[in-house]
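Residue numbers (our numbering): 69 to 300.
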Ligand SMILES: [Mg+2]
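Given below as structure tokens:
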């Protein structure tokens with residue numbers, strides 16, 4: 069039998085739905101500001117604000133809400149009504165209450181792997197929100213460790229796979245973001261398994277590292293067993 073690996077799982081849009089709530093809120097945001105700008109322009113300005121603020125606010129809903137407010141102030145030249153700011157805050161708060169819906173195959177895959185491998189949840193975002201979602205998902209017991217990080221870089225994976233196992237050589241990261249989950253994990257020396265989700269934030273896009281020997285792509289988490297069997 070193959071020796072155990074440390075397997076890192078991304079959470080948002082790998083184990084449960086997430087991006088769809090951002091898209092819904094973005095549509096609501098566009099409606100609120102329809103008198104001032106068209107939806108396409110708002111999406112673009114909001115994305116610019118989010119990227120600008122990532123280094124200060126980090127990833128997650130709170131930063132997204134602040135970026136919506138900032139964009140509303142910008143596109144209205146400071147004339148955005150207080151009632152609209154209130155509606156934006158309400159929309160952000162509702163995102164923090166959204167139900168957690170796990171993706172197909174997620175629970176079964178974790179069930180099959182836990183005990184045989186060391187499983188670590190590795191996610192970025194608001195601390196409270198990620199803890200809430202993990203608790204609500206019912207998946208928490210499958211994990212040997214949970215790491216909620218501010219960003220996912222090569223160094224992040226080196227540190228986590230050293231702390232929870234035998235280093236990146238004996239580790240694998242699985243996630244829907246090439247930029248955050250797959251490429252930096254491969255750079256760290258681990259396997260990087262890409263499981264695409266049909267909705268992924270444009271900031272997380274990157275080219276598939278086809279030439280990397282430790283890159284794999286699967287359609288859903290039910291295929292992870294086959295990857296493990298293949299890499300031995
Ligand atoms: Mg994700």
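Note that beta-carbon positions come from the ideal geometry of N, C-alpha and C, so glycine has one too.
Of the residues the options, the one placed nearest residue i, counting alpha carbons only
| i | options | result |
| --- | --- | --- |
| residue 222 | 198, 253, 121, 300 | 253 |
| residue 239 | 267, 204, 274, 283 | 283 |
| residue 154 | 114, 96, 256, 85 | 96 |
| residue 77 | 197, 250, 149 | 250 |
| residue 116 | 99, 270, 106 | 270 |
| residue 244 | 298, 255, 260, 161 | 260 |
| residue 165 | 203, 182, 151 | 203 |
| residue 87 | 234, 125, 132 | 132 |
| residue 219 | 230, 235, 226, 248 | 248 |
| residue 255 | 226, 230, 150 | 226 |
7 angstroms Cβ shell around residue i - same chain, five flanking residues per side excluded
| i | result |
| --- | --- |
| residue 217 | 190, 192, 224 |
| residue 173 | 288, 289, 290 |
| residue 91 | 267 |
| residue 293 | 180 |
| residue 175 | 207 |
| residue 178 | 187, 207, 210 |
| residue 198 | 79, 191, 216 |
| residue 85 | 169, 171 |
Residue environment, residue i, which counts as buried when at least 16 other CB atoms sit within 10 Å
| i | result |
| --- | --- |
| residue 118 | buried |
| residue 265 | buried |
| residue 102 | exposed |
| residue 196 | exposed |
| residue 183 | exposed |
| residue 233 | buried |
| residue 81 | buried |
beta-carbon residue i near ligand 2 non-hydrogen atom, thresh 7 angstroms
| i | result |
| --- | --- |
| residue 218 | Of the ligands this structure carries, namely ligand 1, none is ligand 2. |
Cβ separation of residue i and residue j, assumed to be a contact under 8 angstroms, to the nearest whole Å
| i | j | result |
| --- | --- | --- |
| residue 130 | residue 209 | Not really, about 28 angstroms apart at Cβ, beyond 8 angstroms. |
| residue 163 | residue 89 | 5 angstroms |
| residue 75 | residue 242 | 7 angstroms |
| residue 100 | residue 171 | At roughly 30 angstroms, the Cβ-Cβ gap does not stay under 8 angstroms, so residue 100 and residue 171 are not in contact. |
| residue 201 | residue 148 | At roughly 30 angstroms, the Cβ-Cβ gap does not stay under 8 angstroms, so residue 201 and residue 148 are not in contact. |
Spatial neighbours of residue i in its chain, beta-carbon cut-off 6 angstroms, leaving aside the 5 residues before and after
| i | result |
| --- | --- |
| residue 212 | 186, 187 |
| residue 127 | 192, 193 |
| residue 159 | 93, 96 |
| residue 104 | 143, 144 |
Neighbourhood of residue i by C-beta distance below 8 angstroms, restricted to the same chain and skipping five residues each side
| i | result |
| --- | --- |
| residue 237 | 257, 258 |
| residue 246 | 262, 272, 273, 274, 275, 276, 277 |
| residue 71 | 238 |
| residue 156 | 97, 100, 133, 136, 137, 140 |
| residue 152 | 100, 101, 140 |
Segment contact flag, the stretch 121-128 with the stretch 274-294, C-beta cutoff 8 angstroms, min 3 pairs: No: fewer than three Cβ pairs fall under 8 angstroms.
contact_flag[the stretch 130-143, the stretch 95-110] where n(CB pairs < 8 angstroms) is 3 or more: Counting Cβ pairs under 8 angstroms, three or more are found: they touch.
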